[in-house]
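One structure is given below, encoded as structure tokens.
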Amino acid sequence: MQQQKKIKISAVVGTRPEAIKMAPLLQGLSAVPSIETHLISTGQHHSQLEQVFSFFELTPDVDLKLMKKNQSLNDIAYKAIKGMDRLLEQADPDLLLVQGDTTTAFAGALAAFNRQTPVGHVEAGLRSGDLMNPYPEEANRKLISAIATLNFAPTYVARNHLLSEGIPPSTIVTTGNTVVDALYSITSKVTDLPEEVSRAITNHNRVILVTAHRRESWGKPLADICAAINELVYLFNDVEVVFPIHKNPKVRDVVFNSIVEHKRIHIIEPLNYFDFISTMKHSSLVLSDSGGVQEEAPTFGVPVLVLRKTTERPEALTVNLSNIVGTNTEKIVKQASKILGDTQRAAQIAKSGNPFGDGRASKRIIKAILAWSNGKVPYLNEDESFVYAELETSDG
Ligand code: UD1
Ligand code: UDP
114 MQQQKKIKIS AVVGTRPEAI KMAPLLQGLS AVPSIETHLI STGQHHSQLE QVFSFFELTP
174 DVDLKLMKKN QSLNDIAYKA IKGMDRLLEQ ADPDLLLVQG DTTTAFAGAL AAFNRQTPVG
234 HVEAGLRSGD LMNPYPEEAN RKLISAIATL NFAPTYVARN HLLSEGIPPS TIVTTGNTVV
294 DALYSITSKV TDLPEEVSRA ITNHNRVILV TAHRRESWGK PLADICAAIN ELVYLFNDVE
354 VVFPIHKNPK VRDVVFNSIV EHKRIHIIEP LNYFDFISTM KHSSLVLSDS GGVQEEAPTF
414 GVPVLVLRKT TERPEALTVN LSNIVGTNTE KIVKQASKIL GDTQRAAQIA KSGNPFGDGR
474 ASKRIIKAIL AWSNGKVPYL NEDESFVYAE LETSDG
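Here the working numbering = 1-based position in the sequence shown + 113.
Spelled out as structure tokens, the structure:
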């Protein structure tokens, strides 16, 4: 009997969140006999990315090793496009998967499009509506949508953005976010605070978990966030701040110059994914400008104050799981104090569930890829799509 030709899928990642969100999908794809996968790392990040590869036991087939201190967005983009062009020529995949909105994702998608290789966009359709917030990610994701063949929208909110931009409905599949699949793969194993954190803090104190790295916050906005942290530990004597700091020197310089030395403020190196999630689970409040963190915290009912002007993840706001506070010191302190003063709130929001996904996004994406490859439409039936009942309707 003639053997069926395998579908060749390349996937490209370059930064920590892309690797976390692509990991469950890659694991799922590698279990399908009719699919052959090939993982490319641009190496846009180094240690933060290696932490994820090692945790999920992923080994890229090839690494472009692009990371360099203080390089421009165009440096990364041009090197990624050039490197991807060569790799795509060698691998000649039937589909290139990109995730999210980084320079790696955009450059990968453009390199594939220029070679007429179909692009599958994981986490398609997120929009803040402001090209400069987040910068350059809002532009990157819109540009990818314009050239993608398959659009894996996490929610109906994202799907509706794509529809309103004229993206053909037949190319859009509503899947849930793979970040929740990654979370579900570890949540049953998460028990205590990681040793590194529990050693540093006083027993029974409440934890505020902080992350901040966005380009549009470099400089004064980040210093203002730090000023709020300084104030919060003086206002609440049972609160410990745990701040795993991004490797970017532009972030580190400001944070190290702005945070006061205080026994209840712990600036630590990036935690591995498991330890980060364990810390999140035991936190009373998260202050963050991270996209992934906004999507993860609802699983544990931990309130998030979003340290940004806008968010492309309104699902959590709508059901009162997060609030946008921006970077103004006074506003952050006021909102954080409100949450820390209301111990009932966490218990209430814990019941809402996670509006971003249900742990089955990768399964839906794989099913849709197989249908696409066999020319079967729709790629996923409406009743198989991800729906967060409290929020979304298909005609949105
Ligand atoms: C990038 C993405 C952003 C994503 C973020 C996740 C773009 C334009 N930005 O931002 O969308 O939210 O990753 O973290 O693609 N560095 C290290 N080690 C590391 C990682 C970074 O030293 O493991 C330092 C390097 O000096 C590097 C700098 O951080 O040059 C900035 O990294 P870069 O990928 O340019 O941008 P991010 O701000 O991390
Ligand atoms: N994360 C981690 N260790 C840390 C901080 C974050 O593993 O010290 C994880 C977190 O769980 C989330 C992702 O990294 O899944 C978010 O990455 P980041 O904030 O760098 O990027 P963004 O989500 O803003 O694009």
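No residue lacks a Cβ here, since even glycine has one placed at the ideal position from N, Cα and C.
{"Query": "Endpoints, the alpha helix (DSSP H) within which Leu-223 is located", "Result": "216 to 227"}
{"Query": "Local Cβ density within 10 Å of Leu-199, reported as buried at 16 or more and exposed below that", "Result": "With the sequence shown as reference, residue 199 is identified as Arg, and Leu is not the correct amino acid for it. Exposed, by the Cβ-count rule."}
{"Query": "Rounded Cβ spacing between His-159 and Arg-129 (contact assumed at less than 8 Å)", "Result": "Their Cβ separation, rounded to whole angstroms, is 10 Å, which puts His-159 and Arg-129 out of contact at 8 Å."}
{"Query": "Whole-Å CB distance - Ala-190 paired with Ala-225, under 8 Å assumed", "Result": "Ala-190 to Ala-225, Cβ: 14 Å. No contact."}
{"Query": "6 Å Cβ shell around Tyr-297 - same chain, five flanking residues per side excluded", "Result": "Gly-472"}
{"Query": "Residues of its chain near Thr-230, where Cβ-Cβ distance is below 7 Å and the 5 sequence neighbours each way are ignored", "Result": "Leu-201, Pro-206, Leu-209"}
{"Query": "Inter-stretch contact (C-beta, 8 Å, three-pair minimum) for the region 430 to 444 and the region 240 to 259", "Result": "no"}
{"Query": "Three-state secondary structure assigned by DSSP to Asp-176", "Result": "strand"}
{"Query": "Thr-424 versus Ser-403 - alpha carbon distance", "Result": "10 Å"}
{"Query": "Local conformation of Ser-241 per DSSP, three classes", "Result": "coil"}
{"Query": "Leu-139 CB to nearest heavy atom of the ligand UDP below 6 Å", "Result": "no"}
{"Query": "Gly-242 burial status per 10 Å Cβ neighbour count (16 or more: buried)", "Result": "exposed"}
{"Query": "Reduced DSSP category for Glu-149 - H, G, I as helix; E, B as strand; rest coil", "Result": "strand"}
{"Query": "Close-in-space but distant-in-sequence residues of the same chain around Asp-294 (CB under 6 Å, 5 per side omitted)", "Result": "Pro-137, Gly-472, Ala-474, Ser-475"}
{"Query": "Assigned exposure category for Asp-174 - 16 Cβ within 10 Å defines buried", "Result": "exposed"}
{"Query": "Straight-line Cα distance separating Tyr-347 from Lys-363", "Result": "27 Å"}
{"Query": "The ligand UDP heavy atom lying under 6 Å from the CB of Arg-129", "Result": "yes"}
{"Query": "Continuous beta strand (DSSP E) stretch holding Ala-124: start and end", "Result": "120 to 126"}
{"Query": "Cβ-heavy atom distance, Lys-422 to the ligand UD1, below 6 Å", "Result": "no"}
{"Query": "Uninterrupted alpha helix (DSSP H) stretches inside the region 273 to 352 (no shorter than 4 residues)", "Result": "291 to 297, 308 to 313, 333 to 348"}
{"Query": "Which residues DSSP lists as bridging Gln-457, in chain order", "Result": "None, per the DSSP bridge assignment."}
{"Query": "Pick from Ile-120, Val-126, Thr-155 that is closest to Pro-146, judged by C-alpha positions", "Result": "Ile-120"}
{"Query": "Sequence-distant residues of its chain with Cβ nearer than 6 Å to Ala-132 (five each side left out)", "Result": "Val-126, Leu-162, Val-165"}
{"Query": "Helix, strand or coil at Ala-261 according to DSSP, with G and I counted as helix", "Result": "coil"}
{"Query": "DSSP-derived helix/strand/coil call for Gly-509", "Result": "Only weak support is given to the placement of Gly-509: the predicted model assigns it a pLDDT of 36, under 50, and the value that follows is read from those uncertain coordinates. If DSSP states are grouped into helix, strand and coil, Gly-509 belongs with coil."}
{"Query": "Pro-161 Cβ short of 6 Å to the ligand UD1 heavy atom set", "Result": "Per the sequence shown, residue 161 should be read as Gln rather than Pro. Yes, Cβ of Gln-161 sits closer than 6 Å to a heavy atom of the ligand UD1."}
{"Query": "Cβ neighbour criterion (16 or more within 10 Å) applied to Ala-222", "Result": "buried"}
{"Query": "Residues that His-158 bridges to, as DSSP identifies them", "Result": "Per DSSP, none; premise fails for His-158."}
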